[in-house]
Structure formats: structure tokens, C-alpha cells
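Just so you know, we're using UniProt numbering here: the sequence shown kicks off at 1 and counts up by one.
Only one structure is covered here, and it is reproduced in the block below.
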Amino acid sequence: MPSEEKATLTDPYDPAGLPDYGEDFIDPDDLRRFEQALNAPEASPLVALNDWRPINQRVRKTRGRRKAPKRSKDETREGVLYTILKWPFLFTVFAWIAVLSFGYVLVRVYILLYEQWITWRGKRERLRRDLSSQKSYADWLRSAQALDIHLGNEKWKQTDEYAYYDHLTINKVVSQLKKVRKDAEWEAEHGGVSVNEIPAVEELRSLLEACVKNNFAGVENPRIYSEAYSGTKELVQEYIDEVHACIKLVLDGKQTDREAKYQHFKHLDTNFGRTALCLSGGATFAYYHFGVVKALLDNGVLPEIITGTSGGALVAGLVATRTDDELKQLLVPALAHRIRACHEGFTTWIRRWWKTGARFDTLDWAKQCSWFCRGSTTFREAYERTGRILNVSCVPSDPHSPTILANYLTCPDCVIWSAVLASAAVPGILNPVVLMTKQRDGTLAPYSFGHKWKDGSLRTDIPIKALNLHFNVNFTVVSQVNPHINLFFFSSRGTVGRPVTHRKGRGWRGGFLGTAIEQYIKLDLNKWLRVLRHLELLPRPLGQDWSEIWLQKFSGTITIWPKSIPSDFYHILSDPTPERLARMIHVGQQSAFPKIQFIKNRLSIETAIMRGLQECSATGGRSLSPILSRRIQRSQHEPSDALLARLDENFPERSGDSGYKTGSHYADLSDSLSHSTASSRPQTPSSRRGSVIEEMRRQSAVFFDDADLYGDEDAVVT
Numbered sequence: 001m002p003s004e005e006k007a008t009l010t011d012p013y014d015p016a017g018l019p020d021y022g023e024d025f026i027d028p029d030d031l032r033r034f035e036q037a038l039n040a041p042e043a044s045p046l047v048a049l050n051d052w053r054p055i056n057q058r059v060r061k062t063r064g065r066r067k068a069p070k071r072s073k074d075e076t077r078e079g080v081l082y083t084i085l086k087w088p089f090l091f092t093v094f095a096w097i098a099v100l101s102f103g104y105v106l107v108r109v110y111i112l113l114y115e116q117w118i119t120w121r122g123k124r125e126r127l128r129r130d131l132s133s134q135k136s137y138a139d140w141l142r143s144a145q146a147l148d149i150h151l152g153n154e155k156w157k158q159t160d161e162y163a164y165y166d167h168l169t170i171n172k173v174v175s176q177l178k179k180v181r182k183d184a185e186w187e188a189e190h191g192g193v194s195v196n197e198i199p200a201v202e203e204l205r206s207l208l209e210a211c212v213k214n215n216f217a218g219v220e221n222p223r224i225y226s227e228a229y230s231g232t233k234e235l236v237q238e239y240i241d242e243v244h245a246c247i248k249l250v251l252d253g254k255q256t257d258r259e260a261k262y263q264h265f266k267h268l269d270t271n272f273g274r275t276a277l278c279l280s281g282g283a284t285f286a287y288y289h290f291g292v293v294k295a296l297l298d299n300g301v302l303p304e305i306i307t308g309t310s311g312g313a314l315v316a317g318l319v320a321t322r323t324d325d326e327l328k329q330l331l332v333p334a335l336a337h338r339i340r341a342c343h344e345g346f347t348t349w350i351r352r353w354w355k356t357g358a359r360f361d362t363l364d365w366a367k368q369c370s371w372f373c374r375g376s377t378t379f380r381e382a383y384e385r386t387g388r389i390l391n392v393s394c395v396p397s398d399p400h401s402p403t404i405l406a407n408y409l410t411c412p413d414c415v416i417w418s419a420v421l422a423s424a425a426v427p428g429i430l431n432p433v434v435l436m437t438k439q440r441d442g443t444l445a446p447y448s449f450g451h452k453w454k455d456g457s458l459r460t461d462i463p464i465k466a467l468n469l470h471f472n473v474n475f476t477v478v479s480q481v482n483p484h485i486n487l488f489f490f491s492s493r494g495t496v497g498r499p500v501t502h503r504k505g506r507g508w509r510g511g512f513l514g515t516a517i518e519q520y521i522k523l524d525l526n527k528w529l530r531v532l533r534h535l536e537l538l539p540r541p542l543g544q545d546w547s548e549i550w551l552q553k554f555s556g557t558i559t560i561w562p563k564s565i566p567s568d569f570y571h572i573l574s575d576p577t578p579e580r581l582a583r584m585i586h587v588g589q590q591s592a593f594p595k596i597q598f599i600k601n602r603l604s605i606e607t608a609i610m611r612g613l614q615e616c617s618a619t620g621g622r623s624l625s626p627i628l629s630r631r632i633q634r635s636q637h638e639p640s641d642a643l644l645a646r647l648d649e650n651f652p653e654r655s656g657d658s659g660y661k662t663g664s665h666y667a668d669l670s671d672s673l674s675h676s677t678a679s680s681r682p683q684t685p686s687s688r689r690g691s692v693i694e695e696m697r698r699q700s701a702v703f704f705d706d707a708d709l710y711g712d713e714d715a716v717v718t
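This is the structure in C-alpha cells:
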């Protein structure tokens, strides 16, 4: 009988094994206050009832001769030629875009057939099928290595020369690091100093500050991970391992005092930057993110900084409010029993859409979403519980205000489920919502004067610039599942862990001619969409500029594209069954496996730097949360497979030699806490509150990530 109970608990399809499955986290009073905020009048008396119903005012009839109504002039949309040529030009461009789109589909079909019928044949096809059937990364890696051996990629790894990184510089740096590290080890063992009377550890620190930088000499160029299914150049791997060993030697050495070490690791952290996981929107396509997160978590490479938009915000909210152990139990097919956002029938949502202009009920979604966010948890509370930094993109309902990246710095007391709803409020699907903030007494109140917010994917699906400003993020892992974008993701020279299928990975997908045609058509489509936007010819249904849905940046340093199937479009607004969720988790894992070695190499150095910062801080790391402390302890024993260890704090404003932006700075919570506590206990939310508030006061403005009106999609409005 005990064995049967254990089997039931470990059954991935049994919802009883989910942590807090039957828990109703949200307080009914919170829902009531949210409803009051939704129904409260806006600051402006002229507000549409919903996205589909414009403002209508009664016009008082006047006796006698009617006066011509006063019309406001649009400073751009005026002129005789504009009025005459607008619609003919618009229809002509749309017709040409339709022709280009049809041609693009034909080219992609040709490339697909070329790869399937000509390239994937014989033993290569059998090895590829074995690769795609693996469910764990260890098994996948063995299959990938077998495929590399068959294709001759192992010889490519052993050759140092490659056009996309400076192998001469890397060779020289590795030799110098090895020599100086051996000298430093000898000095530490014998207590002596080298002939020139300069301690070797000082020289080692100088070498590290010179080479530990973002993409130094091209070692983080995705191309050097795109020529083989597993791993990269042996020289690059040797460089990563040697840098990790040198950082560890500097940290453990006794020749340097704590303050000097702290300043050294602070400079390394400034120059090297941080890593973030970005989860895109995409309605129910976002459930592929569960598999991506599971693959990263199981292999200890889940970044601490996580951002999500629309459907991706729901997944990010789950990840940021749960510990590692809880996530491992939650990321199973049984989670489908908790996904009930689309449980209503056809007639119900048709009546609601006719009455309110939205398919789904906002209050019902708030209740369903609250379970994934552990009730009315705020961004700061989630950060204090798990050590993960959650970011959610929200767009104001008016078309003029800039977007906001909600996190524990910009709006620490904002309730996560309200931000997730705002990020998912697609016009026609969910009406704009009010963000809620938690007050000191625990009750909820409207945030930002009760202004309403909506879908973040409309303008900032992947807020790379804002992440860089807030947290010095310069390495992004993007899980992209937007259905209207996936078709146009095409890596002509292969992608990380997915080399070109023919000519041993050295050619072009579909041949040079096929790639050239694909690139031309895609760039021409992009050009005409930009022309329409810049000339302000595009209509604005629902008062929204929809051009950013196509023209914003959707990729990162590493971009993961889970492969969807046609039935996903049919179920785009329906809840998944456990069987369908199991397939999506498996596909998400499969799409993430090829990227793990690249992420692991990046995080091995980042983890070592953060460990140095934590151990050399003023409090000696005593303010670190227990969860992150365990991660660092594990990383000391397994440096190559280390979990991402991050400080449960921020650091003083950085001013290194790398030219880092002045707006990106951190609060040194350790220094502020050292005056209030000297114990080794993990700090409570109340003990951290003062430090976070002090950091908020130092923030001169909220950083936004918005596309510039005149074409710079990476421009940032502050």
C-alpha cells in the first residue's frame, strides 16, 4: 500500500502531487477591491466603455444656423496630396506585401523539402530521430555527440582557427592565465613572492579584469556554438574553465584583503554583466515555456532575472514565486488541471463580448491567475522568497504614454497577478485592467492613479533595453513562441546547437540561392511595413498602433523556438489537456537542450563572480537567502554544472572602465543591513524593507522600453 501511494504522488498526471493544488491563495476582499478599481471612473471624463466602443457625446442642438464644427488638425495627417494618395498607396503596398508573403511561404517550403528529402537521409536521419526522442539532457547529449562524430564536427572543435572569434588572443590569454595561476599557487603554498616583487595574485587580478568582459574576443558569439550539436571549440571551453579556476583562486587566496577583493569582483560583475530569461507572449503557445524552464531548471542554468509578457508573464509569475523544489513538482502534465482560464462555453463568451467587448471575464481571470502567483504576492515579496527578479511588461491603455517594466525596483508593492493580467489584456480578449498595489496594512489599492494597462506584447515583447538599464543585463535567453513571429525566424547559417544540415554544417540552409531569396523577401517586407509606419498610413483600430507587433525586436543572444504544430492554432484560446501539456513540455525541453552548454559556460563565470561578491561583502554574505546560499554551496562542488547563484541583494552604483550606463545601479543592501543585524539568520521582509525603499528613493525615474517613433526600435524613453 505505501508503494502504491508513492506511485500516486509521483504520477506526473495526478494533480494531487502538485504543491498547494487545492489552495485558494487570494483573499475575496482583494478581488472586491480590484472590482471597485475597475469600475471606478477614470481621471478623464471622456473614457470609452471598452476597446470596441468609442466615446460618444450628445450634441446639443442650437437654433438657427448651424455652426461648422471645430476640427482639430493632425500635424502630420493633413494636406491635399496626403488625402488623395493615402488609400491608393496603402492598398498598393498591402497588395505587394501579400505577394511577398506568398513568395516567402514558397521559399520556406522549398528549403524544408530540400532539407528533408536531400539532406536527412540514411544514418544521419536515424541519429536525428534518436536525438529528438530523448527526454533528459544527459541522454540528449550522448545522442548529439554521436551525431557530431558521424558528421565530423569533432575535428572542427579541435581546430583553433575560426573566423568568428579571435583565436590568437584567446590562445595567448589562456597561456598567460595558466602561467600566472601556477605562480600564484606556488606563492600561496610557500609564502614567497616572485622575482619582480609583485605578487602573482595581483598580476592575475589584472589579467582577469582585462579578459572577463562580455563577449571577450568573440568567445560568446553564438556562431561558435552553431557549428556542432554539442559544445564548441575546445579552445573556447579551455578558456572558460581556466577563467573560472582563476576567479576561484583569487577568491580563496589569503594574499588580498576583503575590500580589495570586493572591488575586484565588483568591476568584473560590471564588465561581464548579467543574464536574463525572457518569455514571450503568444496566448496558449506560451505553455511551451514550461518545458523551456524545466530544461533549464533541471540542469542548473535557470537565470535569476526573469521577464515575461502576456502568456509568458503567467509562466514567469509561477517561476518567480516558487522555489526550485516546488517548481520541479509543478512543471508536470498535471499542471493542466490548474489552467482553467478558458473553461467557459461558446455562448457565454459571445454574450460577454457583445456586452463588454472582451471574450473573458477580468475577475475570473484574476482568481485563476492568483494561484500561479501565490495570491496577492508583490514583486518585492516574490524576490525575498525565491531570490528571483521578476519583470513584467505593461502597456498603458492610452497610445501616448510609455510602457513600464514592472519589477521590485520600479513598483515593489505592485501585486503580481494584476501585472500579469495587464500584460495579457489583448484588445478584444480582455479589457484593460488596473494595476493593484499592496498597502502597509495588507489591503489592495489602485496603482498609478487607477490608470488602466493592457497587453505588453503590443510594444515590448522582449524588453532588452530596460533590462540592461535596470540590472546590467547584456546576455538574454529568449523563449519565443509568438505564432505570427515564428514563421519568420530563419537561421540561414544554423543556430546554437542546430548547425546547417548539409555540407557538414558549413553551408547555407537551402543553398546560397534559397537563403538569398529568403533574406531579400523578409527584408523587403520589413522595409514596406516601416514605410507605412513612418508615413502614418496605417489605420489605428481600437486607437492602437499595431505596427510594433511586427517591427519590434523579438530575439536575444540566444533565441529558443519551440516547434508548434497546426493544432496549436486551433487551440490558441483553450485550456490544455494533460496530454497536450505533456507534449508541449517535451517540445519545450527539446528546444532548450541545444542551448544548455552555451548558457552553462556563461553562468559558470557569472556564478563565480557573484560568489566572490557575496563572500567579500561587508556582512560576509550573512544576508543571503537560504535558497541562494544552497545554490552557491552546490556550485563550489560542481563548478561546471553550477546552479546560477545570485546575491539576494543589489550592489552600489557601478562606475567601472567599461562605460556602463549611469542609470544602471544597484542598492548595497548588505551595507544598510549591517547596522541593523549581526546575526546569520536569513532576513525577513520587514528587515529588508528599509533598504529597498532607500534604493527606490535613489531612482530618479522609472525606466521604460519603447520604440522610437522614427524607426529606432531599441530606443528607450525615460
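All C-beta atoms, glycine included, are put in the ideal place defined by N, C-alpha and C.
Classify residue i: buried if its beta carbon has 16 or more other beta carbons within 10 angstroms, exposed otherwise.
| i | result |
| --- | --- |
| residue 289 | buried |
| residue 487 | exposed |
| residue 377 | buried |
| residue 642 | With a pLDDT of only 33 at residue 642, under the threshold of 50, the placement of this residue in the model should not be trusted; the figure read from the coordinates follows. Burial call: buried. |
| residue 39 | exposed |
| residue 482 | buried |
| residue 148 | buried |
| residue 691 | Residue placement at residue 691 is poorly supported in this model, since its pLDDT is 44, which falls under 50; the coordinates are not used for a value here. |
| residue 186 | exposed |
| residue 566 | exposed |
| residue 117 | exposed |
| residue 123 | exposed |
My output table needs one value for residue i: the three-state DSSP class, helix, strand or coil.
| i | result |
| --- | --- |
| residue 559 | strand |
| residue 537 | coil |
| residue 720 | Because the chain spans 1 through 718 in this model, residue 720 falls outside it and cannot be assessed. |
| residue 277 | strand |
| residue 235 | helix |
| residue 454 | strand |
| residue 481 | coil |
| residue 271 | helix |
| residue 180 | helix |
| residue 498 | strand |
| residue 323 | coil |
| residue 162 | coil |
| residue 36 | helix |
| residue 125 | helix |
| residue 13 | coil |
| residue 342 | coil |
Name the residue from the options whose alpha carbon lies nearest to the alpha carbon of residue i.
| i | options | result |
| --- | --- | --- |
| residue 201 | 253, 219, 135 | 253 |
| residue 464 | 215, 262, 554 | 554 |
| residue 300 | 613, 610, 615, 599 | 599 |
| residue 304 | 310, 293, 514 | 293 |
| residue 228 | 173, 264, 151 | 151 |
| residue 34 | 366, 405, 127 | 366 |
| residue 171 | 222, 156, 41, 242 | 242 |
| residue 418 | 389, 454, 105, 95 | 454 |
| residue 357 | 143, 432, 547 | 432 |
| residue 183 | 240, 255, 103, 218 | 255 |
| residue 283 | 572, 593, 265 | 572 |
| residue 154 | 145, 164, 533 | 145 |
| residue 211 | 359, 363, 169 | 169 |
Per DSSP, which residues does residue i bridge with? Please list them.
| i | result |
| --- | --- |
| residue 446 | 436 |
| residue 405 | 393 |
| residue 411 | According to DSSP, residue 411 bridges with nothing at all. |
| residue 308 | 279, 392 |
| residue 378 | 415 |
| residue 475 | 275 |
Just confirm the distance between the C-beta atoms of residue i and residue j, as a whole number of angstroms; I'd bet it's less than 8 Å.
| i | j | result |
| --- | --- | --- |
| residue 445 | residue 416 | Their Cβ separation, rounded to whole angstroms, is 16 Å, which puts residue 445 and residue 416 out of contact at 8 Å. |
| residue 372 | residue 421 | That pair is no contact at about 11 Å. |
| residue 491 | residue 519 | Not quite, the Cβ-Cβ distance comes to about 11 Å (not below 8 Å), so this is no contact. |
| residue 478 | residue 556 | 4 Å |
| residue 280 | residue 309 | 6 Å |
| residue 247 | residue 601 | Not quite, the Cβ-Cβ distance comes to about 14 Å (not below 8 Å), so this is no contact. |
| residue 494 | residue 595 | Their Cβ separation, rounded to whole angstroms, is 13 Å, which puts residue 494 and residue 595 out of contact at 8 Å. |
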